[in-house]
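If you read the protein sequences in the order shown, they are chains A and B.
According to my numbering, the residues represented by the first sequence are 423 to 565, in order.
According to my numbering, the residues represented by the second sequence are 423 to 565, in order.
First the structure, in the form of structure tokens, and then the observations on it.
Number of protein chains: 2
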Amino acid sequence: MNHGIAIGKVSQASGVKVTTVRFYEQIGLLAAPPRTDGGRRTYDLKDIERLTFIRHSRELGFEIDQIRTLLELQDRPGQSCADADTIAKARLVEVKAKIASLTALQAELERMVDGCSHGRVESCRVIEILADHGKCKHHLHDA
Amino acid sequence: MNHGIAIGKVSQASGVKVTTVRFYEQIGLLAAPPRTDGGRRTYDLKDIERLTFIRHSRELGFEIDQIRTLLELQDRPGQSCADADTIAKARLVEVKAKIASLTALQAELERMVDGCSHGRVESCRVIEILADHGKCKHHLHDA
DNA sequence: GCTTGCTCCTATAGTCGCTGGAGGATGTAC
DNA sequence: GTACATCCTCCAGCGACTATAGGAGCAAGC
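Below you can see the structure in the form of structure tokens.
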């Protein structure tokens, strides 16, 4: 019996799926852990922390490469946190833009749905708006 | 000289990239057009309309399969538009949920960025919040 | 007619961040 | 000892494109 946390426990504790933990190891986001005699991965508490960090970052919409940078920063606490700040700020700008875009989108979808008189397709506002971009007031970016 | 619109022109007119037009043909979203003697695709105005419809639908965040349904509906104008209405309503629900999620995200990112004193990583609010989910007030879903 | 240079063709592989399945080995509880 | 959960590797697939290689077509200028 080896003393180390099995991948399933780590998965449960961190909220990252087992397959995803292995995937993170594969892409070098998480160091390859030691193995049992039988070849099973054994983790420790640090790994759970790291995976929690990754999961939370992913939930905040950071890309893997950005998380890589953030993790490197975390490993070197004496360094300036300017990079972390820059990454977070850039993400904030993205999020604001996306909210604006989705709000415009919401308005257009509401217009479509409200205008639909539940009749035939030939007079359907939904189809009509999709077909004719001229009827669209808002300029939408990637939604 | 054949009379038909070249893929480049269709792309320009519809706002769909040339490679994407070919991709749509490949997945059966757009019918394969006739060709010139030299083997080049020749389109007509209907195709531009269809591609514009597709592009606009994609901008509104509809999935390819949903667009397939919407296009089929458009082709049979006598039919009830209930399906189109259902698809649009479902998308509206998704968009509203996403806006809510992103707004929570925005708040958390602002908290991170505002709290960062631009010092060392060891006292960086950004890193700290990412590391410790307990400091996160909001429960975030997919952002 | 010939060359320049743009547009177009096919086919295939890559992007991102996972997710799922096959087929088998290991560990544990009774 | 045996049933069962968990783990292993490898590889394929998702959605919606995007990019690259290596050509062929075609219009305009000289």
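For glycine and all other residues, C-beta sits at the position ideal for the given N, C-alpha and C.
Keep in mind the model is a prediction, meaning the values are calculated, not measured.
Contact under 9 Å by Cβ, residue i with residue j
{"i": "Glu530 (chain A)", "j": "Leu482 (chain B)", "result": "yes"}
{"i": "Asp466 (chain A)", "j": "Ile427 (chain A)", "result": "yes"}
{"i": "Val570 (chain B)", "j": "Val535 (chain B)", "result": "Because chain B is modelled from 423 through 565, residue 570 (chain B) falls outside the range shown and cannot be assessed."}
{"i": "Arg463 (chain A)", "j": "Arg457 (chain A)", "result": "yes"}
{"i": "Leu452 (chain B)", "j": "Ile486 (chain B)", "result": "no"}
{"i": "Leu492 (chain A)", "j": "Leu552 (chain B)", "result": "yes"}
{"i": "Cys503 (chain B)", "j": "Cys538 (chain A)", "result": "yes"}
Interface flag, residue i vs chain A, CB-CB below 9 Å
{"i": "Gly500 (chain B)", "result": "yes"}
{"i": "Lys431 (chain B)", "result": "no"}
{"i": "Thr525 (chain B)", "result": "yes"}
{"i": "Arg462 (chain B)", "result": "no"}
{"i": "Cys546 (chain B)", "result": "yes"}
{"i": "Ile486 (chain B)", "result": "no"}
{"i": "Val443 (chain B)", "result": "no"}
{"i": "Glu532 (chain B)", "result": "yes"}
{"i": "Leu566 (chain B)", "result": "This structure cannot speak to residue 566 (chain B), because chain B is shown only from 423 to 565."}
{"i": "Ala506 (chain B)", "result": "yes"}
{"i": "Val535 (chain B)", "result": "yes"}
{"i": "Glu471 (chain B)", "result": "yes"}
{"i": "Ala435 (chain B)", "result": "no"}
{"i": "Ala553 (chain B)", "result": "yes"}
Within-9 Å CB hit, residue i to chain B
{"i": "Lys559 (chain A)", "result": "Confidence is the limiting factor: at Lys559 (chain A) the pLDDT is only 46, short of 50, which leaves the residue's position unreliable, though a coordinate-based value still follows. By this cut-off, Lys559 (chain A) is not an interface position."}
{"i": "Ile509 (chain A)", "result": "yes"}
{"i": "His425 (chain A)", "result": "no"}
{"i": "Arg520 (chain A)", "result": "In the sequence as displayed, the identity of residue 520 (chain A) is Lys instead of Arg. So, interface residue."}
{"i": "Arg513 (chain A)", "result": "yes"}
{"i": "Val517 (chain A)", "result": "yes"}
{"i": "Phe475 (chain A)", "result": "yes"}
{"i": "Ile549 (chain A)", "result": "yes"}
{"i": "Arg490 (chain A)", "result": "no"}
{"i": "Val438 (chain A)", "result": "no"}
{"i": "Leu467 (chain A)", "result": "no"}
{"i": "His563 (chain A)", "result": "Residue placement at His563 (chain A) is poorly supported in this model, since its pLDDT is 48, which falls under 50; the coordinates are not used for a value here."}
Counterpart residues of residue i in DSSP-defined beta bridges
{"i": "Ser369 (chain A)", "result": "Missing from the structure shown is residue 369 (chain A); chain A here goes from 423 to 565 and no further."}
{"i": "Arg472 (chain B)", "result": "Arg472 (chain B) is not bridged to any residue."}
{"i": "Tyr465 (chain A)", "result": "A:Ile427"}
{"i": "Arg457 (chain A)", "result": "A:Arg463"}
{"i": "Arg542 (chain A)", "result": "B:Ser502"}
Is it true that the region 501-518 of chain B meets the region 499-512 of chain A, where meeting means three or more beta-carbon pairs spaced less than 8 Å apart? no
Does the count of Cβ pairs from the region 434-443 of chain A and the region 469-480 of chain A closer than 8 Å reach three? Yes, they touch.
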